[in-house]
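For any residue, its number in the numbering used here is found by taking its place in the sequence shown, counting from 1, and adding 261.
For each residue, glycine too, the CB sits at the ideal point set by N, CA and C.
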Amino acid sequence: MNESDSQRMASLFELMGLKESALIEEADLIIVNMCSVRQSAVDRILGLANKFRELKKKKRTLKTILTGCVLELDKKKFVKIFDFLLNKDDMEVWPEILTGEDVIKRKRDYLRIIPKRSSTFQGFVPISNGCDNFCTYCAVPYTRGRLRSRKHTDILKEVKVLVKDEYKEIWLLGENVNSYLSPINNEVNFAKLIKMIDQIPGDFWLRFTSPHPKDFSDELIEVLAKSTKFAPYINLPAQSGDDIILRKMNRPYTAKQYLELVKKIKKSFKENRKGLDKNVAISTDIIVGFPTETEEQFKNTYKLFKSAKFDMAFIAQYSPRPQSHSYKNMRDDVLKKEKKERHKRLTELLCSIGEKNNEIFEGRIIPVLVFEKYKGYYLGRNRQNKAVKILSKEENLVGKIINVKVNRVLPLTLEAEYYGE
Ligand code: SF4
């Protein structure tokens with residue numbers, strides 16, 4: 262989401278006559294688009310203070326801006342480091358703010374700014390902003406605000422431009438994509454939006470992030486399984502496998518309901534898709550060491566993890582986020598050592614499940630979208646969003662969908678050789 266917002270900022274500054282600088286030392290204006298989801302990210306930005314001081318000694322006219330998800334509590338610290346703290350929702354009037362002009366009062370929608378895409382083959386399209394769910398560990402509803410869905414007509418327009426420009430992979434973005442509801446008529450929900458995008462002629466892989474399990478309807482499952490554009494990969498954040506912890510997190514589902522959902526999704530893809538696409542890859546987000554989480558409760562998460570057979574997982578050790586409910590009302594009482602240990606156990610489990618899941622690709626010829634060349638190899642992702650390392654003497658494969666032959670499967674990667682376009 263932040264990367265997508267940054268592309269709109271880049272476009273805005275270009276309109277103001279500024280050019281991107283390759284070196285921070287040469288810049289006249291530095292903008293930091295921050296994320297507060299982890300304390301480590303916040304600390305990294307606090308650590309910029311010295312660097313800015315040095316740069317300002319050399320260039321007195323240098324200005325610095327902080328934007329993105331900034332917690333109220335952190336603002337006091339950042340105000341001492343940055344010249345401007347700007348709200349991204351006001352992006353349309355940043356030029357006025359920066360030049361000290363009077364800000365015209367009008368309804369603002371920064372998503373109207375046409376982004377300056379940083380990739381020629383992977384495009385991000387925000388479909389909503391903010392969230393109404395108030396999971397107790399999360400600060401998003403406070404930093405990004407309540408859920409606001411974009412008009413489906415604007416989304417379709419943006420997707421069509423990307424398809425016309427031959428983008429190969431299009432991501433729909435939102436903090437909770439599947440609670441999307443078009444403000445035009447309250448009829449176009451997320452499933453209907455996917456259906457509309459599916460009808461756009463063109464050759465592209467459609468993806469989205471992130472959905473909430475509670476909003477994953479049967480209608481959506483069917484649309485996704487029958488879609489010709491949706492690449493079979495779903496990130497489905499579970500956060501925990503213990504019902505008591507889930508309740509404390511304000512996640513309104515049980516481990517049993519979550520696993521039933523996973524089963525339903527997998528079954529629908531098996532019934533509606535052909536070939537390797539029958540296998541939908543499912544990843545998840547897990548927090549270990551949430552306040553009061555006991556060893557027994559962690560074991561329930563371990564159990565859920567094993568049953569869901571996740572292809573990938575983003576495992577976080579709980580850290581209280583200022584402004585969130587858990588920060589204000591719960592004691593961070595699981596020892597750091599314990600959190601680390603639980604993280605390690607889940608990572609080991611992920612690797613063993615991942616390797617088993619990847620066996621279906623062994624010896625197969627599969628399409629891969631190539632992202633970059635690194636140390637003599639190309640790196641890409643297949644339709645299930647698995648990382649693929651490709652051996653090839655071909656020139657200029659970046660940005661193309663190519664065929665590769667998988668020679669070896671590892672827990673979280675596939676190794677392959679080029680097989681043709
Ligand atoms: S659904 Fe996601 S963004 Fe919304 S409150 Fe929960 S964790 Fe935060």
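Membership of S267 in the alpha helix (DSSP H) is indicated by the continuous run N263 to L276. Inter-residue distance for L673 and R642 is about 11 Å (C-alpha atoms, whole angstroms).
For V595, the distance from the CB to the nearest heavy atom of ligand 1 is not below 7 Å. Within the segment 366–438, the complete alpha helix (DSSP H) segments at least 4 residues long are 401–404 and 413–425, listed from N- to C-terminus.
Rounded to the nearest angstrom, the gap between the Cα atoms of V541 and Q518 is 19 Å. Using a C-beta cut-off of 8 Å, the segment 645–659 makes no contact with the segment 355–374, since fewer than three inter-stretch Cβ pairs fall below that distance. In the three-state scheme derived from DSSP, where H, G and I count as helix and E and B as strand, M591 is classed as coil. Note that the C-beta distance between D476 and S440 is below 8 Å. Looking at the DSSP output, L290 shares a beta bridge with K324. When distances are taken from the beta-carbon of E436 to the heavy atoms of ligand 1, the shortest one is below 7 Å. Contact between the segment 504–521 and the segment 463–470 is not established, with fewer than three Cβ pairs separated by less than 8 Å. With fewer than 16 other Cβ atoms inside 10 Å of its own Cβ, I285 counts as exposed. Ligand 1 never approaches C612 closely enough for any of its heavy atoms to be under 7 Å from the residue's Cβ. Taken through DSSP and simplified to helix, strand or coil, G536 comes out as helix. The nearest non-hydrogen atom of ligand 1 is 7 Å or more from the C-beta of C330. It is roughly 6 Å from the alpha-carbon of K317 to the alpha-carbon of L323.
Between K564 and N618, the gap from beta carbon to beta carbon reaches 8 Å or more. Take the alpha-carbon of L675 and the one of L652: they are about 11 Å apart. Residue pairing from DSSP places Y635 in a beta bridge opposite Y638. In the DSSP assignment, the residues bridged to T545 are A574. A heavy atom of ligand 1 is found nearer than 7 Å to the CB of C392. Note that the segment 544–557 touches the segment 601–609; at least 3 beta-carbon pairs, one per stretch, sit closer than 8 Å. In this structure, the beta-carbon distance from V386 to I342 does not fall below 8 Å. Fewer than three pairs of CB atoms, one per stretch, sit closer than 8 Å, so the segment 585–592 makes no contact with the segment 530–545.
Residue nearest to V298 within the set D335, I326 and K531 is D335 (criterion: CA-CA distance). Relative to ligand 1, the beta carbon of C399 is positioned inside 7 Å of a heavy atom. Taken atom to atom, the span from the alpha-carbon of A677 to that of F632 is near 15 Å. A distance below 7 Å between beta-carbons, with the five flanking residues on each side excluded, links V364 to the following residues of its chain, in chain order: V354, E357 and I358.
Residue pairing for Y679: DSSP places it in a beta bridge opposite V665.
Per DSSP, N311 is one residue of the alpha helix (DSSP H) stretching across A310 to K319. Excluding its 5 nearest sequence neighbours in each direction, V422 has no C-beta neighbour in its own chain below 8 Å.
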